[in-house]
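Accompanying notes for the structure given below.
Protein chains: 4
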Amino acid sequence: MQNPAPRLGRPRDSHIDQAVLAAARELLAESGYVGVTMAATAARAGVGKAAIYRRFDSKAELLFAATLHGMDIEPPADSGSLRGDLRAMARVIHERLTSPAARQVIPPLLAEMSHDAELTGRLQNTFVASERRDLAVIVERARKRGELRRAPDPALAHLLLGGPIFLALLVLPDPMDTARLDAIASAVAAGLTTEPGDSPAD
Amino acid sequence: MQNPAPRLGRPRDSHIDQAVLAAARELLAESGYVGVTMAATAARAGVGKAAIYRRFDSKAELLFAATLHGMDIEPPADSGSLRGDLRAMARVIHERLTSPAARQVIPPLLAEMSHDAELTGRLQNTFVASERRDLAVIVERARKRGELRRAPDPALAHLLLGGPIFLALLVLPDPMDTARLDAIASAVAAGLTTEPGDSPAD
Amino acid sequence: MQNPAPRLGRPRDSHIDQAVLAAARELLAESGYVGVTMAATAARAGVGKAAIYRRFDSKAELLFAATLHGMDIEPPADSGSLRGDLRAMARVIHERLTSPAARQVIPPLLAEMSHDAELTGRLQNTFVASERRDLAVIVERARKRGELRRAPDPALAHLLLGGPIFLALLVLPDPMDTARLDAIASAVAAGLTTEPGDSPAD
Amino acid sequence: MQNPAPRLGRPRDSHIDQAVLAAARELLAESGYVGVTMAATAARAGVGKAAIYRRFDSKAELLFAATLHGMDIEPPADSGSLRGDLRAMARVIHERLTSPAARQVIPPLLAEMSHDAELTGRLQNTFVASERRDLAVIVERARKRGELRRAPDPALAHLLLGGPIFLALLVLPDPMDTARLDAIASAVAAGLTTEPGDSPAD
DNA sequence: GAATAAACGAGACGGTACGTCGCGTCTTAAG
DNA sequence: CTTAAGACGCGACGTACCGTCTCGTTTATTC
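Listed in order, the protein sequences are those of chains A, B, C and D.
The first sequence maps to residues -15 to 186 in the numbering used here.
The second sequence maps to residues -15 to 186 in the numbering used here.
The third sequence maps to residues -15 to 186 in the numbering used here.
The fourth sequence maps to residues -15 to 186 in the numbering used here.
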């Protein structure tokens, strides 16, 4: 995305924003990430290519905005237990990652990250930051509940919970079922609950 | 890669295999995945493009072969405990994923997977299958040792252990340190050890 | 150019006319015809693009107005001989065509003529018509003087005198010197003086 | 055009040369210079754009090659008189300039000359140089015949004869008829025959 | 040893997306 | 109604890269 606030001259037509994003989503669904073309998107939206490039610096930014931007996750409700909270959280994370659009778009965007710092920031912000924030809440809740003696690093919790989902999305052929999702959440809950010193050998 | 066995005519020059792979690795280090060009690779190797395409079906296959192929992981030694085995395994997985070449190459290859079934198989075989096999050994060992009452699904173990490492590689800016790697392994060990029914709410 | 006479609402700011033309001339000198951009001209003049298009229909019209319009040639003084008159006329024509601005602008405008009838008319009026008129005067003067038995077609005279100057401007690398200009005028004078039937073979 | 002589690798397909030039000529006839598009030319020729750019540096070079290149004028036959030779020469020049393709292409190419030195050379070579050469022959023939005491500068002769034709082509609406062409040639013959000192006032 | 078959270096080829740029029009708010 | 600013539709440009094909040449195996 680009700078949002000019106050002089003709203002951006917000209908175009919507038309472009919609066109991009349609083409993505029809032809996949590679099949989405700036020219085709412009044509589908009834818009000039320049109008797109005025809003998005690149195809990657466009498709990010069309699919992932604003897909905020809701703050997790208190289920009464750490494990319950993690299960809910796992489902939320999973859901967000496995929408058809997201499945199409995430791998190429991850590939783009190496040459696009701005996109990198955007992706990290969308996924990592918000999820860590929510996990911090969950973990703190568990500590207050007495399930945890000390609240572990939310970043660790995020890796433990989100990592398996992420890996499954990217390299496994078939989507995960709820049972497996719950098994992951349970294992993470157990892993977080057990103190580092609890195990016999260290 | 392609079929290896014609027996007529001039045989393949095996020097070329090496020269091409070396050239690809050099260019990858210099310019990143996108910067690697088949033409440049051929030129650098002192070779025609056809000689490359005779060996590799596509740029993706070439770079896979140049960086990831044959990077087999050694079967994990018995450390005496599940947690110790997982720590060793975590380090092995991490090491393999974070070589400079692998970091450059993995994201684009993941993106390529959607339109290249052969590559998909190759990647899954290299990463998922071998790691699952090794984890199966580890888990079975722990069961025999008495650490686990029932051996959990190796696929689950793989997701739990490999997922966090994978996620960190792809979306986090900085590499993981050993402490975090160990923390992950410990948490996974605890998660696997705790029976599903042990927790109060299920 | 466009219709000059609105009488309602805010009157045109005549400072803008000058600023635009000056900006166009500056940019023309700096960057040549192609390098002149409507946007850049507007910016240089401190003016909106609309203010330019309100005055000129196109880039071609603008640059015509900025460089050639009003460049009227003075009626030729009587030098006492056809040859003298033609020499004076040749210099006038040459001078008008070889100002730096004119050299930059004439070839593109000639190219534009094929798709712009209005511009065609303007150019023909500026160059052909006025020069023919003046040549008609010169030729008629020569007839009265007795140098010519019959006044030849002024259009022919114009082609004979203006053509060589034009050709030199467009395709020759270096500008013409006065000697050559005089030689051309002399030859044309001789050519017009000699009756068609004077030559042996016809 | 570009360098003609590689001896390694796959040779240029000369069918493509012809197909591209033919396509360019067709499109030129259908849509005019501006209407000719590199993409359309490629499509029409059943060829990739790169194959065109490999042969021609720019649209201007392509259209030059498609219309004017190789349009050499034949050496003028001896008609027995300077005037006859000039008439023949005038017709040859006129004919070359007024083919439909040439009429379309010459004005834009003249406009391109200012930013394309190579094209400038090509055009000067095609038109100026060859015509001067032929005129030198004609003038020398006339001198030997005794029609001229001294052979005038062929460059001057070229300006006098070619200039009017050129001017008529570029700025006059309608094509010239043969009568006018002959009148020009006659006038030039007379102009060249008359010695500079013959006229009363110098 | 000649014939065959394939590999080889070089680079042309078809195709196609990219991002940029300019033109001339349109849309604001301000005057 | 004019102005400054600048967004808009359109569409061409020239570049780049992919993966394939075509040369002429080289190098083994097979007849």
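Ideal Cβ placement from N, Cα and C applies to all residues, glycine included.
- prompt: Can you list, in chain order, the residues of the region 161 to 175 of chain B whose Cβ is nearer than 8 Å to any Cβ on chain A?
  reply: Contacts with chain A (Cβ-Cβ distance below 8 Å) from the region 161 to 175 of chain B involve Arg164, Ala167, Ile168, Ser170, Ala171, Val172, Ala173, Ala174 and Gly175, listed in chain order.
task: Anything in chain D within Cβ reach of C/Lys97, meaning under 9 Å, just list it in chain order.
output: Note that residue 97 of chain C is Met in the sequence shown, not Lys. Near C/Met97 (Cβ distances below 9 Å), the residues of chain D are Pro91, Leu154 and Val155.
field: Closer than 7 Å at the beta carbon, the chain D residues around C/Pro148
entry: Near C/Pro148 (Cβ distances below 7 Å), the residues of chain D are Leu143, Leu144 and Gly147.
query: Could you check where the alpha helix (DSSP H) with A/Arg133 kicks off and where it finishes?
result: Looking at the DSSP string, A/Arg133 is not in any alpha helix (DSSP H), and its letter there is neither H nor E.
- prompt: Within the 8 Å Cβ cut-off, does A/Leu5 reach chain B?
  reply: Not a single C-beta of chain B is nearer than 8 Å to the C-beta of A/Leu5.
- prompt: Counting pairs of Cβ atoms below 8 Å between the region 7 to 20 of chain A and the region 83 to 91 of chain A, do you hit three or more?
  reply: Here the region 7 to 20 of chain A lies against the region 83 to 91 of chain A, with 3 or more beta-carbon pairs under 8 Å apart.
- prompt: Excluding sequence positions up to five away, which residues of its chain have a Cβ less than 7 Å from the Cβ of C/Leu165?
  reply: If we look at C/Leu165 and ignore the five residues flanking it on each side, its Cβ neighbours are Ala74, Arg75 and His78.
field: Check whether C/Asp118 and C/Ile36 have beta carbons under 8 Å apart
entry: In this structure, C/Ile36 does not lie closer than 8 Å to C/Asp118 by Cβ.
message: DSSP three-state label for D/Met97, please.
response: DSSP places D/Met97 within a helical segment (H, G or I) once states are collapsed to three.
- prompt: Listing by chain order, which chain B residues have their CB less than 8 Å from the CB of A/Ala76?
  reply: The amino acid at residue 76 of chain A is misidentified as Ala; the sequence shows Val. For A/Val76, none of the residues of chain B pass the 8 Å Cβ criterion, the least Cβ distance being about 16 Å.
DSSP-derived helix/strand/coil call for C/Ile90: In the structure shown, C/Ile90 sits in a helix (DSSP, three-state: H, G or I).
message: Can you give me the C-alpha to C-alpha distance between B/Asp100 and B/Ala44, rounded to a whole angstrom?
response: Near 9 Å, if we compare the C-alpha coordinates of B/Ala44 and B/Asp100.
Span separating the alpha-carbon of D/Ala152 from that of C/Gly30: Each residue's Cα considered, the two are about 41 Å apart.
Per-residue contacts from C/Gly16 into chain D (C-beta, under 8 Å): In chain order, Ser98 and His99 make up the part of chain D whose C-beta sits under 8 Å from the C-beta of C/Gly16.
message: Counting beta carbon pairs with one atom in the region -3 to 13 of chain B and one in the region 101 to 118 of chain A, are three or more of them shorter than 8 Å?
response: The region 101 to 118 of chain A, when compared against the region -3 to 13 of chain B, does not touch it at the 8 Å Cβ threshold.
query: Using a Cβ-Cβ cut-off of 7 Å (strictly less than) and excluding sequence neighbours within five positions of C/Pro138, which residues of its own chain qualify?
result: Only Arg116, Leu119, Ala120 and Val123 meet the Cβ criterion.
- request: Please check if any C-beta of chain D sits within less than 8 Å of the C-beta of C/Gln111.
  value: As written in the sequence, residue 111 of chain C is Phe, which differs from the Gln given in the question. With 8 Å as the cut-off, C/Phe111 counts as an interface residue toward chain D.
- prompt: Would you call the CB atoms of D/Leu144 and C/Ile168 closer than 8 Å?
  reply: It is a contact, given that the beta carbons lie within the stated cut-off.
- prompt: Buried or exposed: A/Asp186, going by 16 or more other Cβ atoms within 10 Å of its Cβ?
  reply: Caution is warranted here: a pLDDT of 41 is assigned to A/Asp186, below 50, making its placement in the model unreliable, and the coordinate value is therefore given only provisionally. So A/Asp186 ends up on the exposed side.
task: Kindly indicate which residue of A/Arg38, A/Leu47 and A/Asp69 has the alpha-carbon position closest to the one of A/Arg129.
output: The candidate whose alpha carbon is nearest that of A/Arg129 is A/Asp69.
task: Taking B/Thr178 as the query, report the chain A residues whose CB atoms sit under 9 Å from its CB, ordered along the chain.
output: What B/Thr178 touches in chain A: Ser170, Ala171, Ala173, Ala174, Gly175, Thr177 and Thr178.
task: Can you grab the Cα-Cα spacing for the pair A/Met(-15) / A/Leu46, in whole Å?
output: Any reading at A/Met(-15) needs caution, since the residue's pLDDT is 44, under 50, leaving its predicted position unreliable; the model's value is listed next. A direct Cα-to-Cα measurement between A/Met(-15) and A/Leu46 gives close to 8 Å.
Amino acids of chain D, ordered along the chain, whose beta-carbon sits closer than 8 Å to that of C/Gln2: Residues of chain D passing the Cβ test: none, with the nearest at roughly 27 Å.
query: Cα separation between D/Glu14 and C/Leu93?
result: Cα to Cα, the separation comes out at about 22 Å.
task: Buried or exposed for B/Gly(-7), please, with buried defined as at least 16 other CB atoms from any protein chain shown within 10 angstroms of its CB.
output: With a threshold of 16 other beta carbon atoms within 10 Å, B/Gly(-7) falls short and is exposed.
- request: Return the chain-ordered list of same chain residues with a C-beta closer than 8 Å to the C-beta of C/His142, the five sequence neighbours on each side being excluded.
  value: Correct list, in chain order: Val112, Glu115, Arg116 and Leu119.
message: Quick check on DSSP: helix, strand or coil for C/Asp1?
response: C/Asp1: helix per DSSP, three-state reduction.
task: With DSSP collapsed to three states, give me the class of D/Phe40.
output: Looking at D/Phe40 - three-state DSSP - the assignment turns out to be coil, as it is neither helix nor strand.
query: How many angstroms separate the CA atom of C/Ser65 from the CA atom of C/Thr177?
result: In this structure, the alpha-carbon of C/Ser65 lies about 11 Å from that of C/Thr177.
task: Find out if the Cβ-Cβ distance for the pair A/Ala95, B/Ala6 is shorter than 8 Å.
output: No, these two residues do not count as a Cβ contact at 8 Å.
Selection from B/Pro60, B/Arg39 and B/Arg67 that minimises the alpha carbon distance to B/Ala50: Answer by Cα proximity: B/Arg39.
message: Would B/Leu140 pass as an interface residue toward chain A - the criterion being a Cβ-Cβ separation below 8 Å?
response: Yes, B/Leu140 counts as interfacial toward chain A.
message: What residue range does the alpha helix (DSSP H) around D/Ile168 cover?
response: It spans Thr162 to Thr177 - the alpha helix (DSSP H) in which D/Ile168 sits, taken as one unbroken run.
Integer-rounded CB distance, given that C/Ala163 should sit under 8 Å from D/Gly175: With a Cβ gap of about 16 Å, D/Gly175 and C/Ala163 do not count as contacting.
- request: Leaving aside the five residues before and after C/Ser183 along the sequence, list all residues of the same chain whose C-beta is less than 8 Å from its C-beta, in chain order.
  value: Note on C/Ser183: pLDDT 45, under 50, position unreliable in the model; no value is reported.
- request: Could you spell out where the alpha helix (DSSP H) holding B/Pro138 opens and where it closes?
  value: That run of the alpha helix (DSSP H) goes Pro138 to Val155.
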